[in-house]
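Numbering (the numbering used here), first residue to last: 5 to 554.
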C-alpha cells in the first residue's frame, strides 16, 4: 500500500478532489498521529536492525550509514568502550547524527550482564556472578541490582540492556552459559529474574531476557556450530521455560531467541529457534502470549551465518516473527544489503508490508514508552557522577553477606574460639590472612598451583592444628589445588571455594565446604565472618552439585 493511499484512508476530513492539498496537508497530520505513516518501506525495515559500529568514535563511513539508512538500534561492544565520559560522548554522536538527518532516535543497547560478560568496564560496577544473587534468595536485592545497572546505563544514554540471562545451569559441559547463569533450579531462579527485570525497567532501561527457550543444557557453542537440545516438551515446560515465563509475567519488554534447534518445538531438522516460526510465533507469541519485542541473537554467529548467509537469515527471521535483527561483526555494506533484501522480499510478495508494520509499531511504541523519541544530549563531563559507581559497589559487596553458602558442615564451622587452625590460601590473596587470621591461626601462603614442597608444608602446618582451612579457586583448572586438599585429613578440613562451586567434587569427603560463587574482594571478609562465627551463613545453594543439596 503506498504512503498516499494510507494517508487518504486515515484522513476523512480531507476533500477527495483536492489531491495536492491532501498530499501537502494531511501527510504531516497523519504522521503526527501515526509515526509509522511517515516512514518509507526502507525506513521501516531499517528500524528492525540493531547494528554495531566499530571503534570509540563515529567514523565518516559509519555516520554516512546512520544518516542514509537510519537503523532502529545500535549495540555497544568492547570496541566502543572507555570511561563513562567516553561512552556518553560516543552515544551522543550516534544520536546526533541520526536525528540531524531526520531519523528517529536509536535504541542503544549493551551486553551488561552480571558476572563475566560486561561491555562496559572502566568506571562501571562489576557485579558478581548471578548465582550469588540467586543464593541470597532475596528478590528485593535482584530488583536493586537491576535498578543499579539501569542507572549506570541511563547515565550514558544507553536505554536497553541485553540482560538478564534466564538460561539455567543444568549442563556443566556448557562453556557458553556457565557462569552467566543465575542457577540450576527453576523455582529459585524465576523470582530473581522477574525482580531483576522489574528493577531494571523501573529505572527506565528495557530488559531483554535471553536466550529463549533456554541455552543452559547445550554442550555446543552457537558461535561455532548449531547446538541441539533434545529435551522433551514436558522437561522444557517444567524447567527451561520457567524463568522465561516469570520474566514475561513481570512485563519484560524484549526476548532474545537462541540459535539452537529444539526438536520438541520445531519439527524441521536443524531449524534454529531464531528462524523458527513454530518457536517464535506459535510458542512465544501464541502459547505464552508475549507481545513485546523479539530479537535474534547475533545473526553473524556461525550457527547461522555459515548455513544461510546474513541477508537470507534476516529475511527468514522476519518470516518467523522476529521484530529486530541483531549482529555483532557485520559492516555497514552488509547491513545495507540485508535491508535491501527485506525490501525486495516485500516487493516480491515473500513478506507482506503488514508483517513489517507489525514489528515497526512495536519498536516505535517501546521507543515512545521509554522516552527514546524525546532523546536529549547528555553532558559527558558529569557522566561519572551520574553513574555513581561507589553507591552501586556497596550494593554489589552486600550480596556476599547474604549469598555465601555453607554447603556442607560436619561441625567444623564456625571454628572454636580457642582451637588452633591452619589457614592455607593463595599468596596472591593477602586479604585472606588479614580477614581470617587471628591469634589461633597458623597461616601459610602457597602458589595458585601449589608445588610438591608447598603441599608438604601444608601437611606439616595442618598436623599442628585442630582444623585446616583451605581456600581454592577453580580446581578444574589447577589440579594441584585438589592434590593439596586431598593430602590433608579431610574430616578436619574446611574448604572455601572462591569461584567455582564445583571444587568440592575433587574432594567430596571434606569436613566442611563454603562457596562464594564469585572471586571478588568482598567475598573474603564475608566468608571469614562465617568461618569465625561473626555472622551466620545465610546463602542457599543455587547450583546443582552431585551428592549435595541446598
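Beta carbons are placed, not taken as given, at the ideal position from N, Cα and C, and that holds for glycine.
Excluding five sequence neighbours on each side, which residues of the same chain lie with their C-beta closer than 7 Å to the C-beta of residue i?
i           : result
residue 515 : 414, 416, 494, 495, 496, 497 and 498
residue 190 : 172, 243, 246 and 247
residue 229 : 306 and 307
residue 334 : 304 and 314
residue 35  : Confidence at residue 35 is low in this model, with a pLDDT of 45, below 50, so the placement of that residue should be treated as unreliable; the coordinate-derived value is given next. So the list reads 41 and 42, once near-sequence residues are dropped.
residue 336 : 65, 66 and 69
residue 6   : Because residue 6 sits at a pLDDT of 35, beneath the cut-off of 50, its placement in the model cannot be relied upon, and the following sentence gives the value as read from the coordinates. Taken in chain order, the list of residues that qualify is empty.
residue 268 : 235, 236, 237 and 240
residue 551 : 512
residue 206 : 151
residue 461 : 448
residue 370 : 210, 257 and 297
residue 423 : 444, 470 and 471
Could you tell me which residues DSSP pairs with residue i in its beta bridges?
i           : result
residue 116 : 122
residue 445 : 425
residue 111 : 77
residue 232 : 265
Tell me where the alpha helix (DSSP H) around residue i begins and ends.
i           : result
residue 189 : No alpha helix (DSSP H) contains residue 189, which DSSP labels as neither H nor E.
residue 350 : 336-352
residue 49  : 45-50
residue 558 : Because the chain here runs from 5 to 554, residue 558 falls outside it and cannot be looked at.
residue 438 : 434-440
residue 535 : 527-535
Quick one: give me the first and last residue of the beta strand (DSSP E) that residue i is part of.
i           : result
residue 430 : 425-430
residue 261 : 258-261
residue 131 : Per DSSP, residue 131 belongs to no beta strand (DSSP E) and is neither H nor E.
residue 55  : 53-55
In chain order, what residues of the same chain lie with their CB nearer than 8 Å to the CB of residue i, ignoring the 5 residues before and after it?
i           : result
residue 119 : 131, 132, 133, 134, 183, 184 and 522
residue 549 : 411, 505, 506, 508 and 509
residue 99  : 109, 110, 112, 161, 379 and 381
residue 490 : 510 and 511
residue 21  : In this prediction, residue 21 has a pLDDT of 29, which is less than 50 and means its spatial position is unreliable; what the coordinates show is noted afterwards. Nothing listed; no residue qualifies.
Please state if the CB of residue j and the CB of residue i are separated by a distance shorter than 8 Å.
i           : j           : result
residue 297 : residue 252 : no
residue 88  : residue 388 : yes
residue 77  : residue 124 : no
residue 192 : residue 504 : no
residue 428 : residue 467 : no
residue 393 : residue 86  : no
residue 300 : residue 347 : no
residue 290 : residue 419 : no
residue 319 : residue 355 : yes
residue 174 : residue 220 : yes
residue 197 : residue 250 : yes
residue 45  : residue 357 : yes
residue 406 : residue 145 : yes
residue 256 : residue 211 : yes
residue 90  : residue 115 : no
residue 324 : residue 280 : yes
residue 149 : residue 399 : yes
residue 500 : residue 488 : no
Between residue i and the rest of its own chain, which residues show a CB-CB distance below 6 Å, the 5 nearest in sequence each way excluded?
i           : result
residue 520 : 408, 502, 527 and 531
residue 28  : Reliability fails at residue 28, whose pLDDT of 32 lies under 50, so the model's placement of it is uncertain and the value that follows must be treated cautiously. Correct list: empty, nothing qualifies.
residue 390 : 159
residue 364 : 40, 48 and 51
residue 381 : 96
residue 79  : 54, 56 and 113
residue 232 : 265
residue 107 : 74
residue 492 : 466 and 472
Taking 7 Å as the cut-off, does the CB of residue i come closer than this to any heavy atom belonging to the ligand ATP?
i           : result
residue 549 : Among the components modelled here there is no ligand, and therefore nothing to report on the ligand ATP.
Completely contained alpha helix (DSSP H) runs for the segment 282-330, where each covers 4 or more residues: Counting only runs that start and end inside the segment 282-330, the alpha helix (DSSP H) elements of at least 4 residues fall at 306-312 and 314-324.
Considering only residues of the segment 76-103, which uninterrupted alpha helix (DSSP H) runs meet the minimum length of 4 residues and lie entirely inside it, listed in chain order? none
Which complete alpha helix (DSSP H) runs does the segment 448-520 hold, if anything under 4 residues is left out? The DSSP assignment places complete alpha helix (DSSP H) segments of no fewer than 4 residues inside the segment 448-520 at 456-467 and 483-490, in order along the chain.
What are the complete alpha helix (DSSP H) segments, minimum 4 residues, inside the segment 365-422? 387-391 and 393-407
Can you list the alpha helix (DSSP H) stretches of 4 or more residues lying completely in the segment 136-224, in chain order? 143-158 and 190-206
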